[in-house]
Structure formats: structure tokens, C-alpha cells
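To keep things clear, I will list the structure first and then write my remarks on it.
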Amino acid sequence: MKRVEIIAVGNELLIGDVLDTNTNWLCKRLTMMGAFVRKAVLVRDDEEAIASEVKGAISRGTDLLFTSGGLGPTDDDRTVAAVAKAMGLPLELNEEALKMVERRYKELYEQGFVDSPEITPSRRKMAILPKGAIPLFNPVGTAPGVWLEVSAGCEVQDAEKGKTVIVCLPGVPAELKGIFENSLPPLLEQVLGKGFYDERTFEATCRDESVLAPLLKKVAEKHPSVYLKSKARTFGQEVRIRILLAASGSDKKAVEQAIRNAIDDLLAELEPHGIVLIPVAEG
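Mapped onto our numbering, the consecutive letters of the sequence shown carry residue numbers 344 to 626.
What follows is the structure in C-alpha cells.
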């Protein structure tokens, strides 16, 4: 299972002005693709802070590192520069990225959204990428995303061993999703393969979560590949406890079997206590 980390960049996130919906969306999508998202952080538009988080992710052996935000034309859009600094790579004008920026501004000009298609220094900035990076076309906005394969030694990767892929996406949700859904799929499949995710939700005939806790712990310890979590749901005076079992991986049959095995053991643990599991319909 591929290990994923996410760095969400933006002062607006940390002052509470903007809600970080991007991380939530990425976590859901990547989990559904069979990846294991093990860490997500928020950082300010600070080059040193971003670079520090990138270095940390690389040192932890992360397979896939996503950043969101900080790709635009303004001076405080520092994510690309921070990634280059963290990896010890020079920044250079990427001709393919420049063509993408030119194409988008031409389209926006023809649609009447901008006054000029001219590539100003601020617009050109969005085509300056770390050496060895692959630009990702942005079908919604103007800043290309970035795909960069590096090794633990902080050099552009030539061999598979120790490879980390860094994917930089815009902070505007529509742009992030546009690149993820249109430009990323073939590249992501090379890293994640065909991933699968399966989950089951039940409602337990038990009102005390503390009674369930030790029983769930026993099952969870026996099935480490399955995420097992209880959640109390209150409706007026009635307390309902839901139990979620979820697993992901590259082998669909193995994932489904892992869930079934965990359910069987959970039922066996609950039965002596008179607790019944009621399946909750999806949706």
C-alpha cells in the first residue's frame, strides 16, 4: 500500500479565513484508490516552512506527496520554489509549462475574462518549475500543476528505489480537482496501480461505547489491515452507535476478504454480550 502525505499551503487556511476542503477531498479520493494517507499538515506561505515539511516527508519514505496552494502568479505563491529548495534543484523556465500558460491566457482573453493575453513576468512565473519537473495542464485556471519524481538523496530520480513523487496542485478547489481528474490519472496509476477500497457500516444494539471499546480493540489488533472505528450518534434521547470497517489495497479480493474476516471475528466477540450488528444501507 502506497504511503501518502499532504501539505496544504496558505495563510488563509491558518487564520481561519478559508476552510481547507482540498485535504478532505484528496484524502477521500486517494483512499478510494487504495492509498494510505498517513499525514496531512497546514503550513503558511513560508518557503522555509514548506521546504521543511517536504524534507520531512521525503525522510519518512513517503511514496506520494501532495501539496495544495501556492502555485499562482503572486509573490507569496512560494510552493514551487520551496519544493525546489527542499530537493536542492534549480528553478528553470519549463517550455511545456509556458505553452500551457500561454494557451490558457489566450483562451481567457478570447472569452473576455482578461484584458490581455500577454505573458507578463507574473504570468511567466507560473511556468518556472524545478529542473526535471513535468507540468500538469490546468483545465480550469492558469497555473499548471507539477509532477516531480525525486529520490531520498534529493536528486531527480533515475531509479525506482527510494522514489518519492511530489505532486503540486493549485489551492482553488475547482482547479485542484480539474488537474486531479483530468491530467493526473495516467501518472497516478503508474504509482498506485489499480487500487481498491471497501467499507461496511453497522449499527450496534448497544448504547454504551465504553462497552464496545475493548471488544473492538481485540478485533482491531487481530486485523491490522482493517480500519475499525465506532461512532456514537445521538438523536434526542436515543444513542445509536455505528461501527465502520474499512480496508484498501491493490488486490480487490484480498481487501474484500480482510473485511469479511474482521466482520466474522467482530460478530463472534459481540455475540456473548448480546450485541447485534445491523447493516446500514449505503447512501
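Just so you know, even glycine gets a beta-carbon here, dropped at the ideal spot from N, CA and C.
Check: For PRO513, which residues from the same chain have a beta carbon less than 8 Å from its beta carbon, with the 5 sequence-adjacent residues on both sides left out?; Outcome: SER411, GLY412, LEU414, GLY415, ASN481, GLY484, ALA486, GLY488, LEU519 and ILE522
Check: For ASP363, which of GLY377, ARG346, ALA378 and ALA383 has the nearest alpha-carbon?; Outcome: ALA383
Check: Should LEU436 and ALA470 be called a contact, given that it needs their Cβ atoms to be closer than 9 Å?; Outcome: yes
Check: Tell me, please, which residues DSSP counts as bridged to ILE350.; Outcome: VAL384 and THR410
Check: Whole angstroms are fine: how far does the CA of ALA351 sit from the CA of THR544?; Outcome: 30 Å
Check: Using DSSP's beta-bridge definition, name the partner residues of TYR540.; Outcome: SER591
Check: If you run the structure through DSSP and keep just helix, strand and coil, what is PHE523?; Outcome: helix
Check: With H, G and I counted as helix, E and B as strand and the rest as coil, what does DSSP make of GLY399?; Outcome: helix
Check: Restricting to Cα atoms, I'd like to know which of SER494, VAL569, ALA547 and ARG585 is closest to HIS616.; Outcome: ALA547
Check: Quick one: residues in its chain with C-beta nearer than 8 Å to the C-beta of SER465, no 5 flanking neighbours on either side, listed in chain order?; Outcome: PRO416 and THR417
Check: DSSP on CYS549, reduced to helix/strand/coil?; Outcome: coil
Check: If you count every other CB in all the chains shown that lies within 10 Å of the CB of LYS371, and 16 or more means buried, which is it?; Outcome: exposed
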